[in-house]
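Colleague: I have a structure I would like to understand better, so I am pasting it below and will then ask my questions one at a time.
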Amino acid sequence: MAEKIKILQMTSDLDFGGAETMIVDIVENIDKEKFEVVVCCINKKGSLGEDLAKKGYKLYEARKEIKKQSYYSLAKRIKEIIKLEQPDIVHSHCDSALIDIGPIYTLNRSLPPLIHTFHFGNYPHIAKKYIYLQMLFTKFVTQLVAVGTNQKQRIVETMKLNPNRIHTLLNGVSNNEFIDDQENINRIKDELNIARDELVIGCVAVLTDQKGIDDFIKACGLLKDNYPKTKWVVVGSGPLLDDLKTLAGELNLSDFVIFAGWRSDVKNILPIFDIYVIPSLWEAMSISLLEAMAAKRAIVATEVGENSKVIAHNQSGLIVQPGNLGEIVTSIEALLKDEEKRSAFAENAYDDYINKYSVQCMVDNYSDLYSKVYDQQ
1 MAEKIKILQM
11 TSDLDFGGAE
21 TMIVDIVENI
31 DKEKFEVVVC
41 CINKKGSLGE
51 DLAKKGYKLY
61 EARKEIKKQS
71 YYSLAKRIKE
81 IIKLEQPDIV
91 HSHCDSALID
101 IGPIYTLNRS
111 LPPLIHTFHF
121 GNYPHIAKKY
131 IYLQMLFTKF
141 VTQLVAVGTN
151 QKQRIVETMK
161 LNPNRIHTLL
171 NGVSNNEFID
181 DQENINRIKD
191 ELNIARDELV
201 IGCVAVLTDQ
211 KGIDDFIKAC
221 GLLKDNYPKT
231 KWVVVGSGPL
241 LDDLKTLAGE
251 LNLSDFVIFA
261 GWRSDVKNIL
271 PIFDIYVIPS
281 LWEAMSISLL
291 EAMAAKRAIV
301 ATEVGENSKV
311 IAHNQSGLIV
321 QPGNLGEIVT
331 SIEALLKDEE
341 KRSAFAENAY
351 DDYINKYSVQ
361 CMVDNYSDLY
371 SKVYDQQ
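Heads up, the sequence shown is in the UniProt record's numbering, so the first residue is 1 and it goes up one at a time.
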């Protein structure tokens, strides 16, 4: 048997989020006959990282493994991990990981090839110092990866990079875990105190400004009187949780909006949603959108990142302008009053998911990239 290609995945943490889910999917689904994967979480494992560790995967927590909390000590520990594991390829994810590992590659030209995937979706709206640092450290990256065509274009323009240096690999998600049977739906509805005959409008997100959840709550306020038999479920946690709860209270929505908190069983939650809303103000390639497609949900999504390329407007979902509350309300209402349209959109979105955005498609693409970079050494 040929020798396995060893990949060291490098990220800030593996807490709840789209990029984190994508990394876990690669680790769990890559061909173990061809590849060996180790993960280095620079700051902490996070909830998804803890799950990986319980399954027997090898993870490091670089910052927790040093006594003196300085960048020099952190860089020294990361270099030690690379030397100890001797990977064939290091694959870093997100801006922070590149900024942490970049100086190590700047000063050590004998390190393994570095692949870096950009996950941020709001270029050029990022602090100039971070743009400068990434422009500097990308010089030492063997292969740059964007998760969408729009994102790639913004990266090229913001960082003045040669577009030929950036390979576009679309994200993918698994649909094996979604439990879409009536018994599960009834159980979750009972748990959340949702009546069996109520329609559910939902979203899953880290509760930050980026995700636009205030528009989701305001939409509920504008539609509740005409659609009293609805519940609006927010799954996730984050720094804006208390502010969003306050907003819901000010709009007298305590009987309509349910804050379900962060949950590890999204596979159980998504099937209760009749309509899935993504009101984000910016994205790169939304994992949440792909999960909704895989779960056969009717979708309303803002025109950010790759959303309008993934969703065909009025065929596999409805696309609205970010921050346009009127469009969000109109689109949700169109689906609330048309069960046939909800069903048709959901089926079309699922077909697109199967053909283009499955986790296996994504893993195969990254596997090909790893093999290509390995062969070029």
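The beta-carbon is built from N, C-alpha and C at its ideal position, and this holds for glycine as well.
Using DSSP's beta-bridge definition, name the partner residues of ALA301.
Modeller: For ALA301, which the question treats as bridged, DSSP gives the partners ILE278, ILE319.
Colleague: Could you pull out every residue in the same chain whose Cβ sits closer than 8 angstroms to the Cβ of SER367, ignoring the five residues on either side in sequence?
Modeller: ILE30, ASP31, LYS34, PHE35.
Colleague: MET1 by DSSP, collapsed to three states: which one?
Modeller: For MET1, the predicted model reports a pLDDT of 45, less than 50, meaning its position is unreliable; a value from the coordinates is still stated below. Coil at MET1, not helix or strand.
Colleague: What would DSSP say about LEU144, mapped onto helix, strand or coil?
Modeller: Three-state result, LEU144: strand.
Colleague: Report the three-state DSSP secondary structure of PHE273 (helix, strand or coil).
Modeller: Note: PHE273 maps to coil in three-state DSSP.
Colleague: How would you call THR21, buried or exposed, if buried means at least 16 neighbouring beta carbons within 10 angstroms?
Modeller: With 16 or more Cβ atoms within 10 Å of its Cβ, THR21 is classed as buried.
Colleague: Kindly indicate the opening and closing residues of the alpha helix (DSSP H) around LYS341.
Modeller: Per DSSP, LYS341 belongs to the alpha helix (DSSP H) from 339–356.
Colleague: Between the C-alpha atoms of SER110 and ASP274, what's the straight-line distance to the nearest angstrom?
Modeller: Those two C-alpha atoms are separated by around 53 angstroms.
Colleague: Would DSSP call residue 389 helix, strand or coil?
Modeller: In the structure displayed, the chain extends from 1 to 377; residue 389 sits before or after that span and is not available.
Colleague: Please return the same chain residues whose Cβ sits closer than 6 angstroms to the Cβ of PHE256, not counting the five positions on each side in sequence.
Modeller: The answer, listed in chain order, is CYS220, LYS224, TRP232.
Colleague: Considering only C-alpha positions, which residue in the set THR330, VAL38, THR168 is nearest to THR302?
Modeller: Per the Cα distances, THR330.
Colleague: Only counting the same chain, and skipping five residues up and downstream in sequence, which positions put a Cβ closer than 6 angstroms to that of TYR353?
Modeller: Closer than 6 angstroms at Cβ, skipping near neighbours: MET293, ALA294.
Colleague: Please report the straight-line C-alpha distance between THR11 and LYS337, rounded to a whole angstrom.
Modeller: Taking the straight line from one Cα to the other gives about 44 angstroms.
Colleague: Between which two residues does the beta strand (DSSP E) harbouring VAL173 extend?
Modeller: Per DSSP, VAL173 belongs to no beta strand (DSSP E) and is neither H nor E.
Colleague: Going by beta carbon distance, what residues of the same chain come within less than 7 angstroms of THR208, once the five residues before and after it are set aside?
Modeller: Excluding positions up to five away in sequence, the list reads GLY238, PRO239, LEU240.
Colleague: Classify GLY56: buried if its beta carbon has 16 or more other beta carbons within 10 angstroms, exposed otherwise.
Modeller: When all chains shown are included, GLY56 counts as exposed.
Colleague: With a threshold of 8 angstroms on Cβ separation, who are the neighbours of VAL373 within its own chain once the five nearest residues in sequence on each side are excluded?
Modeller: Hits under 8 angstroms: ILE89, PRO113, ILE115, THR142, GLN143.
Colleague: Ignore the nearest five residues each way along the sequence and tell me which others in TYR60's own chain have a CB closer than 6 angstroms to its CB.
Modeller: Only CYS40, ILE81 meet the Cβ criterion.
Colleague: If distances are taken between C-alpha atoms only, which option among GLY326, LEU290, GLU347 comes closest to CYS361?
Modeller: Considering only alpha carbons, the answer is LEU290.
Colleague: Would you call the region 312–319 in contact with the region 38–52, where contact means no fewer than 3 C-beta pairs closer than 8 angstroms?
Modeller: They do not touch, by the three-pair rule.
Colleague: Helix or strand or just coil, what does DSSP make of TYR57?
Modeller: Coil at TYR57, not helix or strand.
Colleague: Let me check one thing: in DSSP terms, what residues is ASP25 bridge-paired to?
Modeller: DSSP output for ASP25 lists no bridge partner at all.
Colleague: Do you know how far the Cα of ALA75 is from the Cα of LEU281?
Modeller: One C-alpha to the other measures close to 34 angstroms.
Colleague: For MET1, which residues in the same chain have their Cβ closer than 6 angstroms to its Cβ, ignoring the five residues on either side in sequence?
Modeller: Since pLDDT at MET1 reaches only 45, below the 50 mark, its modelled position is unreliable, and no value is offered.
Colleague: Go ahead and pull the three-state DSSP assignment for VAL10.
Modeller: The identity of residue 10 in the sequence shown is Met, whereas the question assumes Val. Residue state, collapsed to three classes: strand.
Colleague: State the CB to CB distance for the pair GLN153 and LEU98, rounded to an integer number of angstroms; the pair is presumed to be in contact (CB under 8 angstroms).
Modeller: In fact, because the Cβ distance is near 19 angstroms, the residues do not count as touching under 8 angstroms.
Colleague: Checking the sheet assignment: what are the DSSP bridge partners for GLY202?
Modeller: Answer is VAL233, TYR276, bridged to GLY202.
Colleague: If I'm right that ASN307 touches SER286 with Cβ under 8 angstroms, what's the distance once you round it to whole angstroms?
Modeller: Right, their Cβ atoms sit about 6 angstroms apart.
Colleague: Specify, as a first and last residue, the run of the beta strand (DSSP E) that PHE259 falls within.
Modeller: It spans 257–261 - the beta strand (DSSP E) in which PHE259 sits, taken as one unbroken run.
Colleague: What does DSSP give as the partner residue(s) for THR117 in the beta ladder?
Modeller: DSSP lists HIS93, VAL145 as partners of THR117.
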